[in-house]
Amino acid sequence: MGRLSFLGVLVGLLVAVVPAGTASAEGPCAGPLAQWLDCWTANLDNGTPYVVTINEELSLVGPGQQQHQILKKDVEKRRHQLVVEVPKGERTGDGGTALLVLAGGRMVHPDARIDRIPRWAVDELDAAGVCVPQRLCELIVESDSQPKPLEGRELITEGLVADLSTHVGAIAPVSQPPTTGHERDRPDDKGDKGNEDSKGGKGDKGRGGNNNVGPTDEQASGYSGTTWAALWMGLLLALLLLAFVIVIRHSRGPVAVGHRASPGRRAGGRPAHASGSATATATATTVTAAPAHAARGEEATARLRVAPTTRHGRQVGRRPAHARTGVVRTELHPQGYVELDRVLYRAVWAEPGRPPPAPGGLVDVTEARERDSDVLYAFPPTAARHAKGTPR
């Protein structure tokens, strides 16, 4: 045989890598390969991409001139819908490289290997107008000086293909590819769907025409990049919340509640004396004993409480110089009656800081500052006046 047309060879590659779906026994897809190609191109009328994943090496062996005419008529016009993926660690073979050049969408993993193809195959691709950009066909041509396959990262660095490792899969599903005639006529097709799906070959019913023999990176992990990002964000928020709670708990010091001192004792715990200007009910300020954790070096916080001061009389200002001595006849709380010259007068106790004397005690009585007031002011007695025998 002479050299086959290269576009005809690509038809054989598509038949080798496109997965078999489910189809009815009736319809126009039965019969020779040419009818199958007509059926396959009819499924591309909706404009959706057709994804082919290369999981095994493909060779440049394919059908004859009959398929070349169909490719020139239909398939070549829709090459922009063909997307070829080369996963991590896979090798394309010379046929897979040709299919990669023909595809409108090219996605290659950095660790994938791209085999070089002969010069005559590159010339066929160039004549078909698919060497876009031209640099791609220059790199993949086979020569004696460059027999080794290319690495995917070389094409990615040149900007000739997309990086499959950073690719996020499409959300919307793509329509299923058609099925060859001999695949539909298998009697155990329905019963062995599970086995075909597990093999991932011709029986793989992948979304958007994917022929995924081996799992991709995201499929192997079971989680997409978005899911991992959400998990890490949730973990970070939980750690921040825990740190915030710990800081709040450590910032709160222990609060000790003080106790009110008894009315008969001063602030230092000593008994209050009856004499002096201060009374036994003077203001007392106490601090509770340090708690046990203060011995461990932690600072204790004490709350101070002040006992209220008891007022025994009315505050009337400065004591007048002229006063007479009277006898208390009723309790002055703060008003009561005192006796002056055998006459009872209403009086008010005018020393708030001291308790009034009991009935029968002596007080110094003065006139009220208000002219129309009939209430006298009673003050504590002056010792010097009583020592001289001041008359009552």
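Residues -25 to -1, 1 to 367 (mature numbering (1 follows the signal peptide of the UniProt record, and there is no 0)) are what the sequence shown spells out, left to right.
Ideal placement from N, C-alpha and C gives every residue a C-beta, glycine not left out.
Check: According to DSSP, E60 sits in a beta bridge with which residue or residues?; Outcome: T28, M82
Check: Output the distance between the C-alpha atoms of T72 and F219, rounded to the nearest integer angstrom.; Outcome: 56 Å
Check: For the region 59 to 67 and the region 97 to 106, state whether three or more C-beta atom pairs, one from each stretch, are separated by less than 8 Å.; Outcome: no
Check: Considering just the uninterrupted stretch of the alpha helix (DSSP H) at E314, what are its terminal residues?; Outcome: No alpha helix (DSSP H) holds E314; the beta strand (DSSP E) holding it covers 310 to 315.
Check: Could you work out which residue in I89, D98, P93 is closest to E129 when comparing CA atoms only?; Outcome: I89
Check: To the nearest whole angstrom, what separates the beta carbons of W324 and P334, a pair I think is in contact under 8 Å?; Outcome: Rounded, the Cβ-Cβ distance is 13 Å, inconsistent with contact.
Check: Could you tell me if I131 is buried or exposed, where buried requires 16 or more neighbouring beta carbons within 10 angstroms of its beta carbon?; Outcome: buried
Check: Between which two residues does the beta strand (DSSP E) harbouring V318 extend?; Outcome: 318 to 324
Check: Taking the alpha carbon of V303 as the reference point, which residue from S140, P93, R321, W95 has its own alpha carbon closest?; Outcome: R321
Check: Mind pulling the alpha helix (DSSP H) runs of 4 or more residues that sit fully within the region 65 to 131?; Outcome: 68 to 77, 94 to 102, 109 to 115
Check: Using the Cα positions of P122 and A204, report the straight-line distance between them to the nearest angstrom.; Outcome: 42 Å
Check: Give me the residue from A87, L114, T23 with the minimum Cα distance to E32.; Outcome: A87
Check: Label A298 either buried or exposed according to how many other C-beta atoms from any shown protein chain fall within 10 Å of its C-beta, with 16 as the threshold for buried.; Outcome: buried
Check: One question on the structure: do P62 and D138 come within less than 8 Å of each other, judged by their Cβ atoms?; Outcome: no
Check: Note down the Cα distance separating P332 from V340, rounded to an integer number of angstroms.; Outcome: 13 Å
Check: For R299, which beta-bridge partners are listed by DSSP?; Outcome: V340
Check: Compute the beta-carbon to beta-carbon distance between P356 and V338, rounded to the nearest angstrom, for a pair I have assumed lies under 8 Å.; Outcome: 6 Å
Check: Could you spell out the range, first to last residue, of the alpha helix (DSSP H) harbouring A204?; Outcome: 200 to 226
Check: Thinking M82 and V136 are a contact (beta carbons under 8 Å), I'd like their distance in whole angstroms, please.; Outcome: 7 Å
Check: Mind checking whether R94 and V116 have CB atoms under 8 Å apart?; Outcome: yes
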